[in-house]
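In UniProt numbering, the protein residues as written are 1 to 99.
Here's the structure, in structure tokens; my notes come after.
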């Protein structure tokens, strides 16, 4: 799980001037991907580490790109579900241009 977080979000330390621009964008990406991270955490907790990755596993550029696509796609889908449930339960419009 720690390896996945490092791949998705990288380092959040501010060392250069450009990090003042990049780190807030990464924080927005973290907030957007909260549903995906919760889903991945629940899947990892359900398996109790039975399918854990080895420490020596090499993660290439293709796996990184696919992980980002999965994060973006599933976060979008889960946000749509969350907002539609809130709309139904609270009887208010919450659609911030999702459709």
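Where is the CB? At the ideal position from N, CA and C, for every residue including glycine.
From what residue to what residue does the alpha helix (DSSP H) around residue 84 run?
It spans 61-90 - the alpha helix (DSSP H) in which residue 84 sits, taken as one unbroken run.
So, for residue 67: in the same chain, excluding its five sequence neighbours on each side, which residues have a beta-carbon less than 8 Å away from its beta-carbon?
4, 7, 8
Throw me the rounded Cβ distance for the residue 75 and residue 20 pair, which I believe falls under 8 Å.
So it is not a contact: roughly 25 Å between Cβ atoms.
How long is the line joining the alpha carbons of residue 38 and residue 10, rounded to whole angstroms?
Linking residue 38 to residue 10 through their CA atoms gives a straight-line distance of about 18 Å.
Nearest to residue 73 by alpha carbon, out of 36, 12, 26?
36
Considering just the uninterrupted stretch of the alpha helix (DSSP H) at residue 26, what are its terminal residues?
19-32
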